[in-house]
Amino acid sequence: MPRRILLDVDTGTDDALAILYALGHPELEVLGISCVAGNVPIDQVVINTCKVLDAAGATGIPVAAGAFQPLLESARRTGKSHGVDGLGGIRLPATSRQRSPLHAVELLHQLIMASTQRVTLVTLAPKTNVALLLTMYPEVATRLDHIIFMGGATAGGNVTALAEFNVWQDPEAAQCVIQSPVPITLYGLEAFSRPTVDRADADRFRAHGHSAVRLAGELLYRRRPRSEESNRYVGLLGDAGALILLTNPELFATGKFPVRVNLVGIGRGQTIIDQRPGPRDAAEPDLWPRIAVVVDLDIAQVASAFVKTIEGYAS
Ligand code: RIB
Ligand code: CA
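Numbering (the working numbering), first residue to last: 50 to 364.
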């Protein structure tokens with residue numbers, strides 16, 4: 050039986066790759082998608098998400114708009130790494146897909162409580178929707194089997210020297226999720242930034258007969274690694290790697306550590322992941338939530354799993 054999942058996204062180029070992977074994998078059943086402001090404003094996130102579903106030919110998957118800004122601060126843009134429209138300017142047909150009339154938090158609540166099987170929540174965006182869900186409807190914690198938390202970093206950040214974008218955008222929401230009773234696996238920048246796809250695979254995708262595969266190829270070309278090997282590789286998988294953690298856990302190594310979010314000062318938005326061997330000198334970290342953190346992965350096999358699934362779309 051496929052694993053029932055919910056996706057929480059701020060559809061930029063890597064969320065789009067993650068959605069295509071989830072829709073294409075036979076062991077995953079996407080119950081619905083909640084959108085939150087992040088890479089682009091909320092309405093553009095919804096449009097981008099609907100366009101990706103259109104390319105995949107997906108039916109029966111509700112898409113809902115959620116938080117248009119973080120809990121405390123206004124939404125902040127960080128440059129154009131996903132292009133002005135969030136999908137790297139890839140020309141896609143206008144979508145006629147209707148968003149759910151429900152707020153994303155209500156949609157998540159309804160889908161979780163209606164499921165006869167426990168659900169996995171994969172959050173690839175600022176954590177505002179998920180924090181609101183867990184606060185407004187604490188009963189969902191007993192119906193979620195896991196939260197895959199794309200965000201944070203063991204060492205340096207991306208949007209600041211210390212903070213990763215999804216946590217930086219809404220640090221209070223991230224802390225709220227981290228301290229929830231639901232088992233969490235944190236997929237941070239150290240894992241996020243490593244799997245890439247060969248240019249040859251991306252070129253094959255771009256010439257494929259299925260629109261989902263062609264879109265994946267175009268998206269990969271919008272996500273070039275900064276490594277010296279960019280001649281061979283094009284697409285940093287980013288968020289999509291967090292879905293491969295679900296389908297191929299054997300490709301990842303994790304450790305459990307005390308984690309908390311820095312909410313103040315120059316380090317605001319930093320995830321403090323205390324990897325020191327315990328017991329610790331200062332008692333406080335031992336009082337922090339201990340969550341699983343991805344510490345290593347087989348980047349070649351992760352990329353291969355992505356390529357295999359995307360090629361599974363029948364042309
Ligand atoms: O820091 C990377 C994360 O922020 C990714 O999820 C990207 O899509 C943005 O949401
Ligand atoms: Ca994202």
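Heads up, the beta-carbon is just placed ideally off N, CA and C, and yes, glycines get one too.
Bear in mind that the values here come from a model prediction, so they are computed numbers and not experimental data.
Review point. Where does the unbroken beta strand (DSSP E) through Ser164 begin, and where does it stop?
Key: By 1-based counting over the sequence shown, the position of residue 164 is 115. From DSSP, Ser164 is part of no beta strand (DSSP E); its letter is neither H nor E.
Exercise for review: Can you give me the Cβ contacts of Gly316 inside the same chain, cut-off strictly under 6 Å, excluding the 5 residues immediately before and after it?
Suggested key: By one-based count along the sequence shown, residue 316 stands at place 267. These residues qualify, in order along the chain: Leu211.
Point to revise | Distance between Phe241 and Ala235 (C-alpha atoms, nearest Å) | key: Residue 235 sits at position 186 when you count from the first residue of the sequence shown. Residue 241 sits at position 192 when you count from the first residue of the sequence shown. Here the sequence assigns Leu to residue 235, which means Ala is not the residue at that position. Taking C-alpha positions only, Leu235 is separated from Phe241 by approximately 10 Å.
**Study point:** Whole-Å CB distance - Asn97 paired with Gly135, under 8 Å assumed
**Key:** Mapped onto the sequence shown, residue 97 falls at position 48. Mapped onto the sequence shown, residue 135 falls at position 86. The C-beta distance from Asn97 to Gly135 rounds to 5 Å, short enough to meet the 8 Å contact threshold.
**Study point:** Three-state secondary structure assigned by DSSP to Phe117
**Key:** By 1-based counting over the sequence shown, the position of residue 117 is 68. Three-state result, Phe117: coil.
Practice item. Mind checking who Phe198 pairs with in its DSSP beta bridge? Key: Here the question's residue 198 lines up with position 149 in the sequence shown. In the DSSP assignment, Phe198 forms a beta bridge with Thr172, Leu235.
**Study point:** Burial state of Pro106 (16 or more Cβ within 10 Å)
**Key:** Working through the sequence shown from its first residue, we reach residue 106 at position 57. The residue asked about is misnamed: residue 106 is Gly in this sequence, not Pro. With a threshold of 16 other beta carbon atoms within 10 Å, Gly106 falls short and is exposed.
Exercise for review: Could you check if Pro334 is buried or exposed, using at least 16 other CB atoms within 10 Å of its CB as the buried criterion?
Suggested key: Looking up residue 334 in the sequence shown gives position 285. Within 10 angstroms of the beta-carbon of Pro334 lie 16 or more other beta-carbons, which makes it buried.
**Study point:** Outcome for Ser145 when other beta-carbon atoms lying within 10 angstroms are tallied against a minimum of 16
**Key:** One-based indexing of the sequence shown puts residue 145 at position 96. Result: exposed.
Check your understanding: From Asp57, Gly61, His257, pick the residue whose C-alpha is nearest to that of Thr127; which is it?
Key -> The residue you call residue 127 lines up with position 78 of the sequence shown. The candidate whose alpha carbon is nearest that of Thr127 is Gly61.
Check your understanding: What do you get for Val95, buried or exposed, if any count of 16 or more other CB atoms within 10 angstroms of its CB means buried?
Key -> Here residue 95 is taken as the residue at index 46 of the sequence shown, counted from 1. Buried.
Check your understanding: Quick one: is Ser65 buried, meaning 16 or more other Cβ sit within 10 Å of its Cβ, or exposed?
Key -> As a working mapping, residue 65 is identified with position 16 in the sequence shown. The identity of residue 65 in the sequence shown is Ala, whereas the question assumes Ser. That one is buried.
Review point. Can you tell which of Ser164, Cys84, Gly266, Arg148 has its C-alpha closest to the C-alpha of Gly137?
Key: Reading the sequence shown from its first residue, position 88 is the one you call residue 137. Put simply, of Ser164, Cys84, Gly266, Arg148 the residue whose alpha carbon is nearest the alpha carbon of Gly137 is Gly266.
Review point. For Gly290, which option in Leu55, Leu102, Glu239 has the closest C-alpha, if you only look at C-alpha atoms?
Key: Numbered from its first residue, the sequence shown carries residue 290 at position 241. Closest option to Gly290, Cα to Cα, is Glu239.
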